[in-house]
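K.L.:
Note that full-length UniProt numbering has the sequence shown beginning at 1, numbered continuously upward. The beta carbon of each residue, even a glycine, is placed where N, CA and C say it ideally should be. Below: one structure in structure tokens.
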Amino acid sequence: MPVTLVGRARERAELAAAWAALTSGSAGPQVAVLTGEPGTGKSALVAAVLGALDPAPVTVLAGQARIHSPAPYDWLAAVLSGRDTRGLPAPAPALAWLAQHDAAPVERFAPGALLRVAARVVRSLAGDGPAVLVVEDLHALDPASLNLIGELAAAPGLPALLLVTSRPSADPLVARTLARLTGTPGAVRQHLGPLRPADVAEVLAQVYPGREIPPDAAEAVWTRTGGNAYRLTELIATWPADDLPRLVEPESAPAELTAREVEVLVCLRDGMANKQIARALGISVRTVTVHVSNLLRKTGTASRTEAALWAVRHSPAAPSLTPRSQP
Numbered sequence: 001m002p003v004t005l006v007g008r009a010r011e012r013a014e015l016a017a018a019w020a021a022l023t024s025g026s027a028g029p030q031v032a033v034l035t036g037e038p039g040t041g042k043s044a045l046v047a048a049v050l051g052a053l054d055p056a057p058v059t060v061l062a063g064q065a066r067i068h069s070p071a072p073y074d075w076l077a078a079v080l081s082g083r084d085t086r087g088l089p090a091p092a093p094a095l096a097w098l099a100q101h102d103a104a105p106v107e108r109f110a111p112g113a114l115l116r117v118a119a120r121v122v123r124s125l126a127g128d129g130p131a132v133l134v135v136e137d138l139h140a141l142d143p144a145s146l147n148l149i150g151e152l153a154a155a156p157g158l159p160a161l162l163l164v165t166s167r168p169s170a171d172p173l174v175a176r177t178l179a180r181l182t183g184t185p186g187a188v189r190q191h192l193g194p195l196r197p198a199d200v201a202e203v204l205a206q207v208y209p210g211r212e213i214p215p216d217a218a219e220a221v222w223t224r225t226g227g228n229a230y231r232l233t234e235l236i237a238t239w240p241a242d243d244l245p246r247l248v249e250p251e252s253a254p255a256e257l258t259a260r261e262v263e264v265l266v267c268l269r270d271g272m273a274n275k276q277i278a279r280a281l282g283i284s285v286r287t288v289t290v291h292v293s294n295l296l297r298k299t300g301t302a303s304r305t306e307a308a309l310w311a312v313r314h315s316p317a318a319p320s321l322t323p324r325s326q327p
């Protein structure tokens, strides 16, 4: 059954206040940065906030990086995807580059010139506002997108709330961009940690309506998931709705995994692609592929998704791994 967002009341209030400041006449943009480990509920919080904004935004522009092969201006290309781009203040060749069209011309543009065109395009799309610019997974964006997001955060009079999510990152360019964003006047910076046991109990009460949830049951599930919202959701999804005792008691783990395989399994659990796992562990993509194959064999699972669910069911909570910066 669908579960409504629990906890995060303070964070939601801060973001609502930032929106109220923008819509009451304060000069934009307003900037809010949400950081946290994978699965802490950053995207869920953004979705809940967007659904509750009053007044509702006139425009929402949302984008994120490609999963496997980031390319210049991924964020803006995602925003432009499926939109009618006629009338935008950009030369057709430049717009083709920004939208990552397959038929983009061979003509190249100076980086600074293309950045200015990109900023003008976003301003045009935002119109008179109020608008929300959603930037998901800033840590995975390409350098051109990072520069654009930084420019938008400092764009005088942009009538928008810039709502950014990111994992902690050791990449210097990502770190500088986060510092630039949070350094803007009035910026909201939130770091999402694990859910509390009381939050887990609230989720269980939604999943098992009408049943008393013993405090030790909520505590056991919290311990098993580390309070990670994604792991909690996936754990609940793997058991029947009437099987609370089985949810609380972990099954024995039959597989004997090496230390490295456990690290790879944690990455799979957190939804990382092979390239991201390779960066996080400092190994080659080919080596990651071998470890994933071994994990599927040892856990008796048929896919990466099944292996990730196996990890949620069998493994104790383990900290997530952050990809290392590129050399």
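1. Should Leu139 be labelled buried (16 or more other beta-carbon atoms within 10 Å of its own) or exposed?
2. Taking 8 Å as the threshold, find out whether the stretch 59-66 comes into contact with the stretch 74-81 through three or more Cβ pairs.
3. Nearest to Leu115 by CA position, among Ala56, Ser26, Pro143, Ala179, is which residue?
4. Quick one, which of Val188, Arg231, Val60, Ile283 has its alpha-carbon nearest Val31's?
5. Identify, in the order they occur along the chain, each residue of the same chain with its Cβ nearer than 6 Å to the Cβ of Leu257, setting aside the five sequence neighbours on each side.
6. Is the stretch 19-38 touching the stretch 153-163, taking contact as three or more C-beta pairs under 8 Å?
7. Report, in whole angstroms, the separation of the C-beta atoms of Val132 and Pro57, which I expect to be a contact under 8 Å.
8. With a threshold of 6 Å on Cβ separation, who are the neighbours of Gly25 within its own chain once the five nearest residues in sequence on each side are excluded?
9. Identify the continuous alpha helix (DSSP H) that holds Glu151 and give its terminal residues.
10. Indicate the three-state DSSP secondary structure (helix, strand or coil) for Gly63 in the structure shown.
11. Can you tell me which of the three DSSP states Glu234 falls into?
12. From Val134 to Ala13, what does the alpha carbon distance come to, in whole angstroms?
13. Assign Leu53 to one of three DSSP states: helix, strand, or coil.
14. Taking the alpha carbon of Trp19 as the point to measure from, which residue in Pro130, Arg83, Leu148, Arg180 has its own alpha carbon closest?
15. Taking the alpha-carbon of Leu178 as reference, which of Ala9, Glu263, Thr287, Leu152 has the nearest alpha-carbon?
16. Can you find at least 3 beta carbon pairs, one from the stretch 292-312 and one from the stretch 218-236, that sit closer than 8 Å?
17. From Pro197 to Leu50, what distance separates their C-alpha atoms?
18. Which word fits His291, buried or exposed, when buried means at least 16 other C-beta atoms lie within 10 angstroms of its C-beta?
19. Helix, strand or coil, according to DSSP, for Gln276 in the structure here?
20. Under the three-state reduction of DSSP, which class applies to Leu163: helix, strand or coil?
21. Taking all protein chains shown into account, decide if Glu212 is buried (16 or more other Cβ within 10 angstroms of its Cβ) or exposed.
22. Any idea if Ser124 is buried or exposed, counting beta-carbon neighbours within 10 angstroms, 16 or more meaning buried?
23. If we count the other Cβ atoms within 10 Å of its Cβ and call it buried at 16 or more, is Gln206 buried or exposed?
24. So who's on the other strand from Glu136, going by DSSP bridges?
25. Output the distance between the C-alpha atoms of Lys298 and Val266, rounded to the nearest integer angstrom.
26. In terms of residue numbering, what span does the alpha helix (DSSP H) encompassing Thr35 cover?
27. Near Val285, what residues of its chain come up, given a Cβ to Cβ distance below 7 Å and the 5 sequence neighbours on each side ignored?
28. Alpha carbon to alpha carbon, how far is Gly127 from Thr35?
29. Please report the straight-line C-alpha distance between Ala16 and Pro168, rounded to a whole angstrom.
30. How big is the Cα-Cα spacing for Asp102 and Thr289?
31. Helix, strand or coil: how does DSSP classify Leu257 here?
32. Pick helix, strand or coil for Gln190, following the three-state DSSP scheme.
33. Taking Thr23 as the reference, give the member of Ala220, Pro55, Ala113 with the closest Cα.
34. Tell me the residue span of the alpha helix (DSSP H) that contains Leu181.
35. State the start and end residues of the unbroken alpha helix (DSSP H) segment that holds Gln206.
P.N.:
Once the coordinates are examined:
1. Before going further, note that residue 139 is His rather than Leu in the sequence given. The residue in question, His139, is buried, as its Cβ has 16 or more Cβ neighbours within 10 Å.
2. yes
3. Pro143
4. Val188
5. none
6. yes
7. 5 Å
8. none
9. 143-153
10. strand
11. helix
12. 18 Å
13. coil
14. Pro130
15. Leu152
16. yes
17. 26 Å
18. buried
19. helix
20. strand
21. exposed
22. exposed
23. exposed
24. Gln64
25. 15 Å
26. Per DSSP, Thr35 belongs to no alpha helix (DSSP H); it is in the beta strand (DSSP E), 30-36.
27. Asn274, Lys275, Ala278
28. 28 Å
29. 24 Å
30. 30 Å
31. coil
32. strand
33. Pro55
34. 172-182
35. 197-207
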